[in-house]
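Have a look at the structure below before the remarks.
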Amino acid sequence: MNGKERILKTLKHEPVDRVAWVPFAGVHAGSLIGKNATDMLTDGEALFDGLMQVHKLYQPDGLPVVFDLQVEAEILGCEMHWADFSPPSVKTHPLADTQDMLCDCLQPSADKGRLPMILDVMRQVKVAVGAETALYGLICGPFTLASHLRGNELFMDLILEAEYVQNLMAYTTATALKMVDLYAEAGMDVIAVVDPLVSQISPDHFTDACHTAFKTIFDYVRVKGLASSFFVCGNATRQLEVMCLTGPDSISIDENVNMKAAKEITDKFNITIGGNIPLTTLMLHGTQQENMKYVVNMLDSLGHDNLIIAPGCDMPYHVPAMNAIGAAQAVRETDATREMVKHYEAPKMDIEVILPDYQNLKKPLVEVFTLDSATCAACTYMMEAMNVAGEHFGSTIDLIEYKFTEKVNIARCIKMGVTNLPCVYINGELKWSSIIPSRDELFGVIDGMLS
Amino acid sequence: MMEELLQRISESLQKGKAKDVKVMVQEAIDSGMSAQKILNEGLLSGMNVIGVKFKASEIYVPDVLIAARAMKAGTELLKPLLVRDGVQAIGTVVMGTVKGDLHDIGKNLVMMMMEGKGLQVIDLGTDVPAEKFVAAAIEHKAQIVACSALLTTTMSEMKSVVEAFKAEGLREQVTIMVGGAPITEAFCKSIGADIYRPDAATAAEAAAEAAIGKSA
Chain L
36 MNGKERILKT
46 LKHEPVDRVA
56 WVPFAGVHAG
66 SLIGKNATDM
76 LTDGEALFDG
86 LMQVHKLYQP
96 DGLPVVFDLQ
106 VEAEILGCEM
116 HWADFSPPSV
126 KTHPLADTQD
136 MLCDCLQPSA
146 DKGRLPMILD
156 VMRQVKVAVG
166 AETALYGLIC
176 GPFTLASHLR
186 GNELFMDLIL
196 EAEYVQNLMA
206 YTTATALKMV
216 DLYAEAGMDV
226 IAVVDPLVSQ
236 ISPDHFTDAC
246 HTAFKTIFDY
256 VRVKGLASSF
266 FVCGNATRQL
276 EVMCLTGPDS
286 ISIDENVNMK
296 AAKEITDKFN
306 ITIGGNIPLT
316 TLMLHGTQQE
326 NMKYVVNMLD
336 SLGHDNLIIA
346 PGCDMPYHVP
356 AMNAIGAAQA
366 VRETDATREM
376 VKHYEAPKMD
386 IEVILPDYQN
396 LKKPLVEVFT
406 LDSATCAACT
416 YMMEAMNVAG
426 EHFGSTIDLI
436 EYKFTEKVNI
446 ARCIKMGVTN
456 LPCVYINGEL
466 KWSSIIPSRD
476 ELFGVIDGML
486 S
Chain B
4 MMEELLQRIS
14 ESLQKGKAKD
24 VKVMVQEAID
34 SGMSAQKILN
44 EGLLSGMNVI
54 GVKFKASEIY
64 VPDVLIAARA
74 MKAGTELLKP
84 LLVRDGVQAI
94 GTVVMGTVKG
104 DLHDIGKNLV
114 MMMMEGKGLQ
124 VIDLGTDVPA
134 EKFVAAAIEH
144 KAQIVACSAL
154 LTTTMSEMKS
164 VVEAFKAEGL
174 REQVTIMVGG
184 APITEAFCKS
194 IGADIYRPDA
204 ATAAEAAAEA
214 AIGKSA
């Protein structure tokens with residue numbers, strides 16, 4: 036089974052030989068060939084060379100061709116602020132001071148903005164690696180595009196100007212459909228609708244203002260015979276269910292969402308989930324072994340059906356290539372990687388950690404040390420148990436989680452003498468190591484300290 | 004009666020009813036209630052609830068913005084009275100998104116939450132160079148400098164801000180706060196900043212505590 040078959044089968048919810056791997060190497064691809072972000076997003080030759088290098092080094096099953104949510108906004112009249120190491124940002128919003136709608140004549144076509152370059156690279160990549168690798172065409176989601184056009188005012192419009200938002204979303208949905216046409220024609224296998232901002236609105240607002248738009252796009256992608264994905268950023272835990280109702284083939288999340296809990300939701304809808312290797316703490320600042328260990332742990336704690344391993348979002352430019360290679364290897368050769376890193380311990384930290392004055396605390400302090408409650412199943416349950424206590428005892432106790440994914444917390448673990456994760460210390464004393472206490476036991480211990 | 008009016012101001016603010024808040028704040032002023040009491044027990048109390056709910060993901064960005072708009076409608080009526088009565092903010096914050104970064108939703112949310120805690124916030128906008136943070140902190144006698152960044156590539160500018168305050172010999176005078184999607188506690192420590200908080204509500208709480216600490 037090649038990568039393309041693996042991705043397409045995963046998105047059709049069929050069995051595969053191993054979990055699929057999709058590195059989101061947008062501007063980061065430039066770091067592999069000595070080009071900056073602006074080169075990668077404006078120069079077709081640089082983009083193509085970078086993608087070939089990603090393909091060679093990270094051996095992806097699926098490959099996003101360009102990761103830039105500003106392509107459509109630029110065509111529609113937003114001015115850009117270009118940067119060396121990240122995609123451009125939107126500088127001006129053409130609808131900031133008006134509720135007039137933009138002319139349909141501005142909608143994307145193959146000759147506008149950077150599309151001639153992008154479509155050309157898509158075709159080249161299709162010829163070069165498209166037979167064995169699934170190609171992802173990323174389009175800006177209709178809500179984020181609406182915010183590019185309108186600015187932050189859009190958030191208040193959701194409450195004050197619902198009808199206007201409907202009109203604006205209809206416009207940005209039409210933009211998305213044009214992009215689907217163009218990217219389908221250029222040979223993309225998967226259309227990813229990337230809408231980071233939907234995590235910032237309530238599920239009700241999503242349903243009222245965004246459901247129709249996303250449903251329309253995903254239905255259209257299906258009609259075109261392509262697969263779809265819905266990329267979101269931020270803590271979208273509460274939006275996942277309503278996102279599922281729009282009918283994408285898959286959803287991709289970042290490290291702000293608990294992967295295990297998210298997969299329980301997406302599994303209910305038979306939707307594939309992708310994610311969520313932490314971008315900054317792990318891919319950018321971690322070691323290769325930490326990345327390998329993290330991915331192995333993800334694979335060991337999640338069901339392998341309907342699953343894609345990917346970074347939480349577009350990889351930062353400066354991610355060391357060896358970290359992404361480590362993650363790739365952990366997906367492709369999980370058993371060997373598990374063996375390689377089983378004795379790995381993080382290097383000693385030179386971060387100074389000041390422990391609380393445990394003898395003179397004003398209230399009981401519950402410290403939970405986890406690998407990461409967002410991904411490690413045992414840690415999830417341990418943290419859930421502690422959160423129940425947190426809700427019950429409210430402000431009479433202090434409750435804090437230290438995730439091993441952050442360097443400062445690794446230093447804290449070393450200083451505290453933590454040997455097993457997850458574990459719980461109360462007032463500096465180890466109470467439970469790897470064993471999750473029952474509610475009665477936990478409440479009893481805390482009650483005893485409060486009395 | 005008066006307590007009930009304050010309660011209604013708080014509730015209307017939480018629902019984002021700017022016009023109602025304005026009418027009720029005027030009613031409270033006309034009844035002879037002190038501007039500070041209206042501010043603290045009506046508007047700020049409502050904004051506090053918004054902060055708690057936002058932190059718990061019970062409400063989202065639009066709800067916070069709409070509540071902040073209602074708060075602004077109320078405070079505009081109170082401002083001249085607060086000045087007349089000599090009421091001071093609990094501290095001053097200069098805030099901006101660092102150089103090279105144009106993202107401001109997070110910064111604006113933190114700003115609103117901080118104002119909701121009784122802090123005066125000087126908004127420097129986006130793409131703010133380090134020296135501008137320093138100049139503004141001197142001009143406004145700020146106790147707190149708050150830097151925001153959304154991009155992994157611009158977060159390093161926060162270190163430039165810390166270094167700029169050191170270079171001017173002002174590092175001890177200000178508390179430097181950092182925040183934004185890619186920021187972590189470890190990063191905050193590594194650049195020598197003072198406070199990192201993961202969300203707007205706790206950032207505002209920390210700023211209020213720091214301001215009180217600095218002025219104590």
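Going down the list, the sequences are from chains L and B. In this text, residue positions in the first sequence follow this note's numbering: the first is 36, and each later residue adds one. In this text, residue positions in the second sequence follow this note's numbering: the first is 4, and each later residue adds one. Glycine is no exception: its CB is placed at the ideal position from the N, C-alpha and C atoms.
- In the DSSP assignment, find the alpha helix (DSSP H) that holds Met98/B and state where it starts and stops. No alpha helix (DSSP H) holds Met98/B; the beta strand (DSSP E) holding it covers 95 to 100.
- Task: Output, in chain order, the set of chain L residues within a Cβ distance shorter than 7 Å of Pro65/B.
- Result: Phe190, Met191, Leu193, Ile194, Ile236, His240
- Task: Go through its chain and collect everything with a Cβ distance to Ala203/B's Cβ below 6 Å, but skip five positions before and after it.
- Result: Leu112, Val113, Met116
- Query: When you compare only the Cα positions, how much space is there between Ile344/L and Ala197/L?
  - Reply: 37 Å
- Query: For the region 437 to 466 of chain L, which residues have a CB atom closer than 7 Å to at least one CB atom of chain B, in sequence order?
  - Reply: Glu441, Lys442, Val443
- If you run the structure through DSSP and keep just helix, strand and coil, what is Met158/B? coil
- Message: Does any residue of chain B have a CB that is nearer than 7 Å to the CB of Arg273/L?
- Response: yes
- Query: So, is the C-beta of His48/L closer than 7 Å to a C-beta in chain B?
  - Reply: no
- Message: List, in chain order, every chain L residue whose beta-carbon is nearer than 7 Å to that of Ile69/B.
- Response: Met191, Ile194
- Answer yes or no: does any C-beta atom of chain B fall closer than 7 Å to that of Phe120/L? yes
- Query: Applying a beta-carbon distance threshold of less than 8 Å, which residues of chain L neighbour Lys56/B?
  - Reply: Residues of chain L passing the Cβ test: none, with the nearest at roughly 11 Å.
- Using the rule of at least 16 other Cβ atoms within 10 Å of the residue's Cβ for burial, across every protein chain shown, is Asp104/B buried or exposed? buried
- Three-state secondary structure (DSSP) at Lys82/B? helix
- Between the region 118 to 145 of chain L and chain B, which residues of the former have CB atoms less than 8 Å from a CB of the latter, in chain order? Ala118, Asp119, Phe120, Ser121, Ser124, Val125, Lys126
- Counting contacts by CB-CB distance shorter than 7 Å, is Ala189/B in contact with chain L? yes
- Within the 7 Å Cβ cut-off, does Pro231/L reach chain B? no
- Give the range of the alpha helix (DSSP H) segment to which Phe190/L is assigned. 188 to 195
- Message: Between which two residues does the beta strand (DSSP E) holding Ala149/B run?
- Response: 147 to 151
- Are Gly45/B and Gln17/B close, meaning C-beta to C-beta below 7 Å? no
- Label Arg447/L either buried or exposed according to how many other C-beta atoms from any shown protein chain fall within 10 Å of its C-beta, with 16 as the threshold for buried. buried
- State yes or no: is the beta carbon of Met116/L nearer than 7 Å to at least one beta carbon in chain B? The question names Met, but residue 116/L is His in the sequence shown. Yes, its Cβ sits closer than 7 Å to a Cβ of chain B.
- Taking the CB atoms as reference points, tell me whether Thr316/L and Glu436/L lie closer together than 7 Å. no
- Message: Against chain B, with Cβ distances strictly below 7 Å, would Asn37/L count as a contact?
- Response: no
- What residues of chain L sit near Gly19/B, judged by a beta carbon separation below 9 Å? Met191, Ile194, Leu195
- Item | Residues of the region 165 to 186 of chain B whose Cβ lies closer than 9 Å to any Cβ of chain L, in chain order | Ala184, Pro185, Ile186
- Local conformation of Ser237/L per DSSP, three classes: coil
- Message: I'd like to know whether the C-beta of Pro399/L is nearer than 7 Å to at least one C-beta of chain B.
- Response: no
- Query: When the Cα atoms are used, what is the spatial distance from Asn71/L to Val28/B?
  - Reply: 54 Å
- Task: Alpha carbon to alpha carbon, how far is Asp230/L from Ile389/L? Give it in angstroms, no decimals.
- Result: 40 Å
- Query: Exposed or buried, Thr78/B, counting other C-beta atoms within 10 Å across all chains shown (16 or more means buried)?
  - Reply: buried
- Item | Per-residue contacts from Pro355/L into chain D (C-beta, under 8 Å) | The displayed structure is made up of protein chains L and B, and chain D is not among them.
- Task: Figure out for me which residue from Gly269/L, Val62/L, Val106/L has the closest Cα to the Cα of Pro151/L.
- Result: Val106/L
- So what does DSSP say about Cys138/L, is it helix, strand or coil? coil
- Using DSSP with H/G/I as helix, E/B as strand and the rest coil, what is Ser144/L? coil
- Query: So what does DSSP say about Pro346/L, is it helix, strand or coil?
  - Reply: strand
- Message: Taking 7 Å as the threshold (C-beta atoms), are Val137/B and Glu175/B in contact?
- Response: no
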